[in-house]
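Chemist: Mapped onto this note's numbering, the consecutive letters of the sequence shown carry residue numbers 843 to 1094. Glycine included, every Cβ here is placed at the ideal spot set by N, Cα and C.
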Amino acid sequence: MRAIGSPSLIDRQRSRDHTERLLSAAGATITVSQAGDLREVSLSPGPLRTLDLDVPGDVSSAAFVIAAAVVIPGSEVTILDVGLNATRTGFIRVLQRMGADIQVEVISEEVEPSGHVTVRHAELHATAIEPAEVPLLIDELPLIGLVATRGEGVTTVTGAQELRVKESDRLTGLVDGLRALGADADELPDGFVVRGPSGLTGGSVDGQGDHRLAMTFGLAALIADGRVEVVGAESIGDSFPGFFETLDQLAP
């Protein structure tokens, strides 16, 4: 905000826009333009005003509850007051494309869209996730891999090489973990393939010290035929304290 001139960011893909929304609400002048496949976000320096706002729940954390309700027979769960920013809800749209029964009710558009999400168990089918979709569900792709074990057909994800440089190599970690639990999955240079439906067995899986992988495998314990041990589950505290207590409330 103290820069000389108007700094700008140019990218080929749409990404999360929380910063732009918050700065705009605080009085900043944000300009977004599109030229071909390039998207430019520019900021004009200037003073900001204080805000009084409600922060909705994190949809990336809610994604694990959503996935649980989708894959556990007889489930129906409503998640209240969760963020519904379109740059963060690609996971929900992909699940709906796979046949998931998900209803979204937007109740506020103040700074960030937010509302309620109701999820019921449904029969699923496979899908293909293309590179253009990846930025809008990058953190939820491991969950997609798990959910795909319940879908009929071959689910593919490509263009997700960024997962190799997260807290761990999530592509290798996900596929290794799914295979350890009996799933039919293969790793791609920039994604993965899951063939479903395949029943999950019990076993020990390595969360790689990565909270997203550890939570994904923790959720797998709810649908596996045997006991699942997640090595490195303490990493879950990084983003979702109380995760296992939440799963206990959802367990059939």
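Please report the straight-line C-alpha distance between VAL919 and ILE986, rounded to a whole angstrom.
Modeler: 19 Å
Chemist: Within its chain, find whatever has a CB closer than 6 Å to the CB of GLU982; leave out the 5 residues flanking it on each side and keep chain order.
Modeler: ALA905, PHE933
Chemist: Beta-carbon within less than 8 Å of HIS963's beta-carbon, same chain only, minus the 5 sequence neighbours each way: which residues are those?
Modeler: ALA911, VAL912, VAL913, ILE914, PRO915, GLY916, SER917, GLU918, ASP943, listed in sequence order.
Chemist: What separation, rounded to the nearest whole angstrom, lies between the Cα atoms of SER850 and THR871?
Modeler: Each residue's CA atom was taken as its position, placing SER850 and THR871 some 12 Å apart.
Chemist: Which value, in whole angstroms, describes the spacing of the CA atoms of THR1088 and GLY925?
Modeler: 19 Å
Chemist: Since PRO955 and VAL948 should fall inside the 8 Å C-beta cutoff, what is the C-beta to C-beta distance between them, to a whole number of angstroms?
Modeler: 5 Å
Chemist: Determine the contact status of LEU979 and VAL936, defining contact as a CB-CB distance below 8 Å.
Modeler: Using a Cβ distance threshold of 8 Å, LEU979 and VAL936 count as a contacting pair.
Chemist: Please classify ASP900 as buried or exposed, where buried requires at least 16 other C-beta atoms within 10 Å of its C-beta.
Modeler: exposed
Chemist: Ends of the beta strand (DSSP E) at ARG881?
Modeler: 880-886
Chemist: Quick check on DSSP: helix, strand or coil for GLN876?
Modeler: DSSP places GLN876 in strand when its eight states are reduced to three.
Chemist: Quick check on the DSSP output: the beta strand (DSSP E) that includes GLN1091 runs from which residue to which?
Modeler: Looking at the DSSP string, GLN1091 is not in any beta strand (DSSP E); the run it does join, the alpha helix (DSSP H), is 1085-1092.
Chemist: Say whether the segment 985-1002 touches the segment 1021-1037, bearing in mind that this needs 3 or more beta-carbon pairs closer than 8 Å, one atom from each stretch.
Modeler: yes
Chemist: Could you check the C-alpha separation between VAL883 and ILE852 for me, to the nearest Å?
Modeler: Their backbone Cα atoms lie some 7 Å apart in a straight line.
Chemist: Identify whether SER1081 lies in helix, strand or coil by the three-state DSSP scheme.
Modeler: Coil at SER1081, not helix or strand.
Chemist: For ALA1062 and LEU1042, what's the separation of their Cα atoms in angstroms?
Modeler: 8 Å
Chemist: Kindly list the residues whose CB is nearer than 7 Å to the CB of SER1040, restricted to its own chain and excluding five residues on each side of it in sequence; keep chain order.
Modeler: THR991, GLY1024, ALA1025, ASP1026
Chemist: Alpha carbons only, please: which of GLY869, ALA928, VAL946, ASP1080 is nearest the one belonging to LEU922?
Modeler: VAL946
Chemist: Quick one, which of SER848, ALA970, GLN938 has its alpha-carbon nearest VAL959's?
Modeler: GLN938
Chemist: How about GLY1038 and ALA968: are their beta carbons less than 8 Å apart?
Modeler: yes
Chemist: Select from PRO977, GLY957, PRO887 the residue whose C-alpha is nearest the C-alpha of ARG930.
Modeler: PRO977
Chemist: For GLU1076 and ASP1011, I'd like the C-alpha separation in whole angstroms.
Modeler: Answer to the nearest angstrom: the Cα atoms are 18 Å apart.
Chemist: Taking the C-alpha atoms as reference points, what is the distance between GLY1045 and MET1057?
Modeler: 15 Å
Chemist: Would you report the Cα separation of GLU972 and THR861, rounded to the nearest angstrom?
Modeler: 26 Å
Chemist: Taking the alpha carbon of SER848 as the reference point, which residue from GLU1029, ALA970, LEU885 has its own alpha carbon closest?
Modeler: LEU885
Chemist: Around the Cβ of VAL999, are there at least 16 other Cβ atoms within 10 angstroms (buried) or fewer (exposed)?
Modeler: buried
Chemist: Taking the straight line between their C-alpha atoms, what separation do you get for ASP894 and LEU864?
Modeler: 11 Å
Chemist: State the beta-bridge partners of HIS958 as determined by DSSP.
Modeler: In the DSSP assignment, HIS958 forms a beta bridge with GLU947.
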